[in-house]
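Please read the structure below before turning to the comments.
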Amino acid sequence: MFDAPKFAETKVTNNDIKIAARKVQVYYGDTHAIKDVDVDILDKTVTAFIGPSGCGKSTFLRCINRMNDTIDICRVMGDILIDGEDIYDKKVDPVQLRAKVGMVFQKPNPFPKSIYDNVAYGPRIHGLARTKADLDEIVEKSLRRAALWNEAKDRLDQPGTGLSGGQQQRLCIARAVATSPEVLLMDEPCSALDPIATAQVEELIDELRQEFSVVIVTHSMQQAARVSQKTAFFHLGHLVEFGDTGQIFTNPKDERTESYITGRIG
Amino acid sequence: MTDLTSSGAVPAPRKGSLLTQDERTKRRNAKEARFRMMGLIAVTIGVLSLVGLLTSILASGLSSFQQTYVELEVYLDPAKLDKKGERNLDDIAKVTTFGYAPLIDAAMTAAMERAGVSSDLNAKAAGELISKEAPASLRDYVLANPDRIGETVSFDLLAAGRIDGFFKGRVTMASAELDRNVSPEQLQLAQQLKEAGILTTKFNWAFFTAPDASDTRPEAAGLGVAIIGSAYMMLIVLVLSLPLGVAASIYLEEFAPKNRWTDLIEVNISNLAAVPSIVFGILGLAIFINMVGLPQSAPVVGGLVLTLMTLPTIIIATRAALKSVPPSIRDAALGVGASKMQAIFHHVLPLAMPGILTGAIIGLAQALGETAPLLLIGMVAFVREYPAGPPEGFFDPAAALPVQVYNWTQRGDPAFVERASGAIIVLLVFLVIMNIAAILLRKRFERRW
Amino acid sequence: MSTGYITLIVLGLCGLGFFLGRARALATSRATGKKLHSLPNYYGQAVALFTAVPALLLMLAWLFLQPLMIEGRIGGMIPDSVIPEGGAKSLVMADVRRIADGLDALMVAGHMSESDLDAMRADFTDVRNRLGNVGVALGSDVPVPVFEAAKELRKSQNSGRFLMTIAVLGLAGALLVWSWVRVHPDQRARNASETFVLSLLIGASLVAILTTFGIVASLLFETINFFKMYPAADFFFSTVWNPQFRGGSDLGILPLLWGTLYVSFLALLVAVPLGLMIAIYLAEYASKPLRAIAKPAIEVLAGIPTIVYGLFALITVGPFLRDYIASPLGLGTSSSSVLTAGLVMGIMLIPFVSSLSDDIINAVPQSMRDGSYGLGATKSETIKQVILPAALPGVVGAILLAASRAIGETMIVVMGAGAAAKLGLNPFEAMTTITVKIVSQLTGDTEFASPETLVAFALGLTLFVFTLGLNVIALVIVRKYREQYE
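Protein chains in written order, with our numbering: chain A, 1 to 266; chain B, 267 to 715; chain C, 716 to 1201.
Below, the structure written as structure tokens:
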């Protein structure tokens, strides 16, 4: 499975544009972290952001569900449209946006609550379940979708922090999936996991593509090649190249992309 | 492969537009705003409590720094003060304060005549405008200057507490009707005297220097003994707790092996820091007074008790200061062949000194305001004698600032509430000075590595 | 010789020892041609330390033990016949001490010589009058055995003082000579003096242990005395607190315990919600300038002495509650009440709860917050459902610490809660607490060896055990919590 980069299926012919970013600039105080990024992210597709560390890929990812709002010194300019609506519009409530655009973080961060409550947290705050039975169903569906149901079904009332690292990350994915988002952002979801857990999560990502538009930041090129259909290469805050994963890895147009792929910068 | 630019049509949002808030989000945001408002209210209440506390103390205490005096020309009548006329001190001393009261009454009448102030009151009632403390201070003056007998000397005598209270708004005509100690006529007379310039309000230096006074003479009560007592105790606390605390911290931080014994000491220290202060008072009473036989009400006992209370604070602060000195400094000293003791005393300790001193000042400030343990070791006693100079004075009875406050609140006359609040202001001023010193020290010696 | 002079002489010897030791080290090194093991100053330092420290320690121990030993012996000299009806030996002993002091004063004033005193008999001379002349007033005429005991006490004190002077100065001198003789280039003076210093450091760290030991011992000792006079069951289970001057008191702790817990409960009711909300607001919401002002302002509350709060309760809060709430509603007419004390104590505790909670809330990792925001939670939802549950153990620890403060607080309740021991529910009534009664029983005029006074020690022990328990639990919880996120 790890021997050669296999390319994910790339039949994405009729997918719609889910997220469109135009001339996005991000400043941290005086630092210009993201410069003029234009990108279109398709529905029901896995898009990978790659690039050397500090290139701005995570920063850009956090712009998509306005997680950068929680950082005081961060300013975002330009337009990011989801389904044609500008998410930085004054009328947009980030709370509502984040229900639509879920996120999974680098380090598994289950809440110090039971597994059940972890998954039920999102549906509860967004009022997605009317009855306890509804909620049970959502929890089960989400855990199944995150391929954790079989391991967790007998210990739903035990703390989520008691799971192994890979299980914790899948729990976080289940938690994100439970609010039925339309886009799922993943910030290096496997960087804290061992290879077996990584494989499980990657498999999961491929399945999530059936329903969501998935954006994944990774610094493992193999991972990008394995799970994504589209790849964006970031360098020093610029989006250098964006295209089909197969094309980026086999036939990069920009020489910086090539240098990175062949390991000369990184 | 898809062509990226041949963009698909924009789909309709699946869950409704982001640009309009749904009902639930509105409700949640309202809840958020309420929660935030509650936090803001809590902060406001906290800050307002502080403001309220300080205003209430200032409002009732600031007036104690002003005092009403009566300027009188008193004729020191030899017929009354020294009947034999030999100027023999022993004979003069036989005249008690009762012998001086008529002189003051006479001087009062004379002053009223001179100022053209008339009143229906008799001489005695007019004389009651003057504090009962006045004859005593007159007598002290005569005993100190027997040669002035027969002359007319100008004195600034304390006005009685009720008269003083009248000018500070505490006593009114209405309240005087019901008061046995003062009549409305006396207040009117006081008002006239004030207009005539005989009665004046001045800065109350005596408040800082005079000793306590009895229940009926709030106007004469001062903080002199209490300030000396508190100063003595702080001296003892500083001299004992700083070396002890620093020595203990050096051992625990730098030398102590990590074992159960040092663990025990550490747990002990953190628990001592949280033992109620009154328990230290019981300790002082049982050990220092009953067992060792040190005198009650003495600054030495108070100092010892407060030392034990301050030690944990100083130890905790010193250890933090020692910890903050980077190990590289120790390594550098050890590297050139210094012994561990030399490395610590020559290099680490001087660098940690600002932190240690800051901790010590904060510990002292706590000790200065501590009241409960001092009550138990007898510092509530009524002390009018100034303690002697140190070190004998450490064993003399004395008061302490916070205990003096408590003492005054237990008295009947409402004028003592003003005194108590004034004493609190003095105490707070000392605390503010100490804390500013600590802050400046910290700023001045900000870590430079 | 007074202790002050002895100390000065010992310190003088100490300084002398430093120079002598240093000089001898340099001289012997020159004479023998050997290089000194340590710097010359260390030789001086070693001699100085050996001279001063043991001698001063001896003096301290002597000062501590001498009264114990002499008083025990003198106490034996007093027959029961001179102890007045209903009085106690301790009172007679106090007289003995005062007479002895008075005799000293007579001696100093030159009214009497040692030989006069030896010849003086209580039944022939008017001791009371003569002592009165030097300012020692006695209540009644002096019985012969008491006067003899006083003479004996004086004599023992004087001879004890004399012996101490000899012993302390002798020890200092002997050690000075001994350590001076030992000065030699090969001597490891630095190591010797460092070992000495180290033992001083260890000694200093033992003071903390000694303090705890002193607290426990003094409380236990007198509590046992108390329970010999008053049944423990009555103390712990009686609901009546009614001390009498002449015996027959009811000394049940329950009303006091009730008052203590009631006041503390009200205080926590004020302090916990306010403190927590303040901590949350300052940690999660407040803008930088607001935080820069509000945080120190709240912390100032912790630095204000409790007597200030007591006065605040007495002159402002108490009358306010009485005039505007209690009286109009017909709930009470007392300005000191449980509510007054509880409210003011609550204000005092705000910074304890808020600053500890602030630390604890800040210790919750950012990833928790991100996880919650990432799911579309609002700030308040994140705080209530993620941060607080995660911080709960630490916050509980902070609350327990505040509770222990509240239970042990004295001045606010002395000045705000009142003195009536009552088991009631009306918060506008005056009630009293354990600490108030410790103060009133120990500052009253009752005789020390009576149950009415000794009960204060039993109350103190109860208080100590209570607060210690709370502190230990709180510290364990907080420590566990910190480890969880480290």
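Where is the CB? At the ideal position from N, CA and C, for every residue including glycine.
Proximal chain A residues relative to residue i, where beta-carbon distance stays under 9 Å
| i | result |
| --- | --- |
| T576/B | The contacting residues do not exist; T576/B stays about 39 Å from chain A at best. |
Beta-ladder partner(s) of residue i, from DSSP
| i | result |
| --- | --- |
| T231/A | A48/A and G243/A |
| E658/B | Beta-bridge pairing links E658/B to no other residue. |
| H32/A | Y27/A |
| W956/C | L966/C |
| M186/A | V104/A and I216/A |
| L42/A | I17/A |
| I396/B | A425/B |
| V1015/C | BP columns for V1015/C are empty, so no partner. |
| S114/A | P159/A |
| H238/A | H235/A |
| E85/A | I82/A |
| V37/A | V24/A |
Partners in chain A for residue i, counting only beta-carbon separations shorter than 7 Å
| i | result |
| --- | --- |
| T1093/C | V95 |
| T291/B | D93, V95 and Q96 |
Run of the beta strand (DSSP E) containing residue i, from where it starts to where it stops
| i | result |
| --- | --- |
| T334/B | Q332 to Y341 |
| S420/B | T418 to L424 |
| L465/B | L465 to F469 |
| D79/A | C74 to I82 |
Residue i - containing alpha helix (DSSP H), residue span
| i | result |
| --- | --- |
| K870/C | V859 to R897 |
| R302/B | E289 to G327 |
| P509/B | G490 to I516 |
| E203/A | P195 to L208 |
| V92/A | First-last for V92/A: undefined, no H or E at that position. |
| N673/B | L667 to T675 |
| M792/C | P755 to M792 |
| R739/C | T718 to T747 |
Closer than 9 Å at the beta carbon, the chain B residues around residue i
| i | result |
| --- | --- |
| D89/A | L284 and L285 |
Chain B contact residues for residue i, given Cβ-Cβ distances below 8 Å
| i | result |
| --- | --- |
| L916/C | A513, A514, I516, Y517 and F521 |
| L913/C | Y517, F521 and M607 |
| I721/C | The contacting residues do not exist; I721/C stays about 13 Å from chain B at best. |
Neighbouring residues, chain C, relative to residue i (Cβ below 8 Å)
| i | result |
| --- | --- |
| A176/A | G1089 and L1090 |
Contact set between residue i and chain B, taken where Cβ atoms lie within less than 7 Å
| i | result |
| --- | --- |
| I138/A | Near I138/A there are no residues of chain B at all, since even the closest Cβ is about 15 Å away, more than 7 Å. |
| V92/A | L284 and L285 |
| A776/C | Residues of chain B passing the Cβ test: none, with the nearest at roughly 11 Å. |
| N1186/C | N537 and A540 |
| G127/A | R290 |
Closest by C-alpha distance to residue i, when choosing among the options
| i | options | result |
| --- | --- | --- |
| A513/B | A986/C, A1041/C and V922/C | V922/C |
| A689/B | D357/B, D478/B and S441/B | D478/B |
| V566/B | N537/B, E520/B, I580/B and L640/B | L640/B |
| L718/B | V541/B, V558/B and S590/B | Residue 718/B lies beyond the stretch modelled for chain B, which goes from 267 to 715, so this question has no answer here. |
| S389/B | Y498/B, I370/B, T438/B and A633/B | Per the sequence presented here, residue 389/B reads as Ala, with Ser not at that position. It is I370/B. |
| V76/A | Y88/A, E241/A, P189/A and K132/A | Y88/A |
| I34/A | G78/A, K18/A and D72/A | G78/A |
| S220/A | D244/A, E203/A and S53/A | S53/A |
| I358/B | A583/B, E399/B, A410/B and L387/B | A410/B |
| F936/C | V987/C, L972/C and A1171/C | A1171/C |
| I248/A | D69/A, V177/A and G51/A | G51/A |
| A492/B | L506/B, F474/B and R596/B | F474/B |
Interface partners of residue i on chain C, CB under 9 Å
| i | result |
| --- | --- |
| N673/B | Going along chain C, no residue has its Cβ under 9 Å from N673/B, so there is no contact; the nearest lies around 11 Å. |
| M67/A | D1085, Y1088 and G1089 |
Anticipated Cβ contact below 8 Å, residue i with residue j, distance rounded
| i | j | result |
| --- | --- | --- |
| Q210/A | K44/A | 7 Å |
| T59/A | S228/A | With 8 Å as the limit, T59/A and S228/A do not qualify as a contact, their Cβ atoms being about 19 Å apart. |
| L780/C | I968/C | Actually they are not in contact, since the Cβ atoms of L780/C and I968/C sit about 35 Å apart, beyond 8 Å. |
Interface partners of residue i on chain A, CB under 8 Å
| i | result |
| --- | --- |
| R294/B | V95 and I125 |
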